[in-house]
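Below you'll find the structure, written out as structure tokens, and then a few comments.
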Amino acid sequence: MTASAELSRCSLNQATINDADLVTAIEACVRAGIPSIGVWRRQLAQRGALEASRALRAAGLRVSSLCRGGFFTSDDDSGWRRELDDNRRAIDDAHTLGSPVLVLVPGGIPDGGSLARAHARVREAIEALVPHAASAGITLALEPMHPVFAADRGVVSTIAHALEIVDGLPAEIVGIAVDSYHVWWDPRMTEQITRAGASGRLALVQVADWLPPTGDPLVARAFPGEGRIDFASFATAVEAAGYTGSIEWEIFNASLWKDDPLRVAARVAEAHRLLLAPALSHGNPPSQHVADEEAP
1 MTASAELSRC
11 SLNQATINDA
21 DLVTAIEACV
31 RAGIPSIGVW
41 RRQLAQRGAL
51 EASRALRAAG
61 LRVSSLCRGG
71 FFTSDDDSGW
81 RRELDDNRRA
91 IDDAHTLGSP
101 VLVLVPGGIP
111 DGGSLARAHA
121 RVREAIEALV
131 PHAASAGITL
141 ALEPMHPVFA
151 ADRGVVSTIA
161 HALEIVDGLP
171 AEIVGIAVDS
181 YHVWWDPRMT
191 EQITRAGASG
201 RLALVQVADW
211 LPPTGDPLVA
221 RAFPGEGRID
231 FASFATAVEA
241 AGYTGSIEWE
251 IFNASLWKDD
261 PLRVAARVAE
271 AHRLLLAPAL
281 SHGNPPSQHV
291 ADEEAP
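Numbering (UniProt numbering) for the sequence shown: 1 to 296.
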């Protein structure tokens with residue numbers, strides 16, 4: 001599909017229309033003029049990566065990322081190996097889809113575990129996955145998460161820490177994913193986005209807004225422009241850092257999920273034009289690799 005210049009870097013992450021199947025998500029993107037989609041493994045499992053890849057190509061949509069891998073913090077060795085095997089399957093699916101990026105959620109602290117041990121497990125796991133990711137042409141993007149999630153799903157809380165964990169691994173294979181929802185509070189955010197860009201590790205950018213929590217913070221993300229985050233400054237920072245990829249709109253919001261996916265996609269497109277496009281260059285994101293008909 002051909003997108004307008006203002007929407008050339010807009011991507012709709014499937015989590016924003018969480019209850020829609022892939023066919024509906026594709027239709028929503030096409031109707032809204034959104035050229036890219038962030039695919040979730042839960043919805044992908046309904047069709048399989050190869051069939052999904054064909055449907056996405058037929059619609060002319062790019063895949064900006066596959067969400068998600070990770071959850072690397074098991075203290076049990078057999079459980080940890082199962083986590084690695086699951087991530088290798090996710091890498092294969094990303095390759096089949098033609099996604100350039102697999103997003104990695106760090107994982108939380110297991111019962112009886114420690115924060116330091118969990119941090120070490122994340123590094124060990126990513127290092128173990130590098131050969132498989134390299135052979136598939138996939139970038140692994142470690143996502144720092146807001147500290148409120150540190151205990152149960154995200155022991156890496158800042159861009160600086162994420163960069164520390166991946167330091168020394170090949171930048172073309174291992175980077176980070178920066179989500180405004182998770183990092184907006186950090187007084188060093190802009191500085192660290194710049195650092196990530198300069199080191200070639202800014203693999204993916206996602207956006208959602210923050211409101212004072214009124215319930216489960218996982219599913220209470222606000223639509224950008226309705227919360228506390230300064231998106232003009234955020235977009236300026238990622239652009240200045242040299243990031244040229246898609247900006248994924250990933251909004252976990254239980255109320256939003258009840259809305260018509262086509263209407264939500266149209267809202268995303270309009271908000272992208274107003275909030276982000278003025279700060280962004282308007283070329284197409286770098287092309288993802290061309291996937292084979294079968295995973296490696």
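Note that the Cβ used here is the ideal one computed from N, Cα and C, for glycine as well.
Kindly confirm or deny that the segment 190-199 and the segment 241-252 touch, where touching means at least three C-beta pairs closer than 8 angstroms.
yes
Taking DSSP as the reference, what is the three-state secondary structure of S13?
As a first step, residue 13 must be located in the sequence shown, where it is residue number 13. Looking at the sequence provided, one finds Asn at residue 13 rather than Ser. Of the three classes helix, strand and coil, the one that applies to N13 here is strand, per DSSP.
Segments of 4+ residues assigned as alpha helix (DSSP H) that fall wholly inside the segment 106-137:
115-136
What separation, rounded to the nearest whole angstrom, lies between the Cα atoms of P296 and R47?
Within the sequence shown, numbered from 1, the residue matching residue 296 stands at position 296. Within the sequence shown, numbered from 1, the residue matching residue 47 stands at position 47. In this predicted model, P296 has a pLDDT of only 42, less than 50, meaning its place in the structure is not dependable; the value taken from the coordinates is given anyway. Roughly 19 angstroms between the two C-alpha positions.
Let's test the definition: count the other Cβ atoms within 10 Å of the Cβ of R42 and tell me whether it reaches 16, buried, or not, exposed.
Reading the sequence shown from its first residue, position 42 is the one you call residue 42. Answer is exposed; the Cβ neighbour count stays below 16.
DSSP on L280, reduced to helix/strand/coil?
Locating residue 280 in the sequence shown gives position 280, counting from the first residue. L280: coil per DSSP, three-state reduction.
Counting pairs of Cβ atoms below 8 angstroms between the segment 127-135 and the segment 179-190, do you hit three or more?
no
Among residues of its own chain, excluding the 5 on either side of T214, which ones have a beta-carbon nearer than 8 angstroms to its beta-carbon?
Here residue 214 refers to the residue found at position 214 of the sequence shown. Correct list, in chain order: A220.
Report the rounded CA-to-CA distance for F252 versus D209, giving the unit in angstroms.
Counted from its first residue, the sequence shown places residue 252 at position 252. Counted from its first residue, the sequence shown places residue 209 at position 209. Their Cα atoms are separated by approximately 10 angstroms.
Look at P285 and A235 and say whether their C-beta atoms are less than 9 angstroms apart.
If you number the sequence shown from 1, residue 285 lands on position 285. If you number the sequence shown from 1, residue 235 lands on position 235. Their beta carbons are not under 9 angstroms apart, which means P285 does not touch A235 by this criterion.
Since S246 sits in a beta bridge, which residues does DSSP pair it with?
Start at 1 with the first residue of the sequence shown, and residue 246 comes out as number 246. Bridge partners of S246: none, in fact.
Buried or exposed by the 16-neighbour rule on C-beta atoms within 10 Å, applied to L115
Within the sequence shown, residue 115 is the residue found at index 115, counting from 1. Exposed, by the Cβ-count rule.
For the structure I just gave you, are there three or more beta carbon pairs, one from the segment 69-84 and one from the segment 18-30, closer than 8 angstroms?
no
Do R31 and L262 have their beta-carbon atoms positioned less than 9 angstroms apart in this structure?
For the purposes of this step, residue 262 is taken as the residue at position 262 of the sequence shown. For the purposes of this step, residue 31 is taken as the residue at position 31 of the sequence shown. Contact: yes.
Below 8 angstroms, how does it come out for the segment 52-66 and the segment 96-116: are there three or more Cβ pairs, yes or no?
yes
By the DSSP assignment, the alpha helix (DSSP H) with V264 in it spans what residues?
As a first step, residue 264 must be located in the sequence shown, where it is residue number 264. It spans P261 to A271 - the alpha helix (DSSP H) in which V264 sits, taken as one unbroken run.
What residue range does the beta strand (DSSP E) around Q206 cover?
Residue 206 sits at position 206 when you count from the first residue of the sequence shown. From DSSP, the beta strand (DSSP E) with Q206 extends over L202 to V207.
Measuring CA to CA, which of D75, E124, D93 and D85 is closest to D111?
As a position in the sequence shown, residue 111 is number 111, starting the count at 1. That would be D75, whose Cα lies nearest to the Cα of D111.
Within the same chain, show all residues whose beta-carbon is closer than 8 angstroms to that of I165, passing over the 5 residues directly before and after it, in chain order.
Taking the first residue of the sequence shown as 1, we reach residue 165 at position 165. Only H119, V122, R123, I126, L142 and V156 meet the Cβ criterion.
What does a CB cutoff of less than 6 angstroms around D152 pick up in its chain, not counting 5 residues either side in sequence?
Taking the first residue of the sequence shown as position 1, residue 152 is located at position 152. Once the five neighbours on either side are set aside, the close Cβ partners of D152 are G108.
From T16, S11 and A5, residue whose alpha carbon lies closest to that of K258
For this step, residue 258 is matched to residue 258 along the sequence shown. Measuring from the Cα of K258, the nearest candidate turns out to be T16.
Residues near V103 by beta carbon distance below 6 angstroms, same chain, minus five either side:
Here residue 103 is taken as the residue at index 103 of the sequence shown, counted from 1. If we look at V103 and ignore the five residues flanking it on each side, its Cβ neighbours are S65, C67, R68, A141, E143 and A177.
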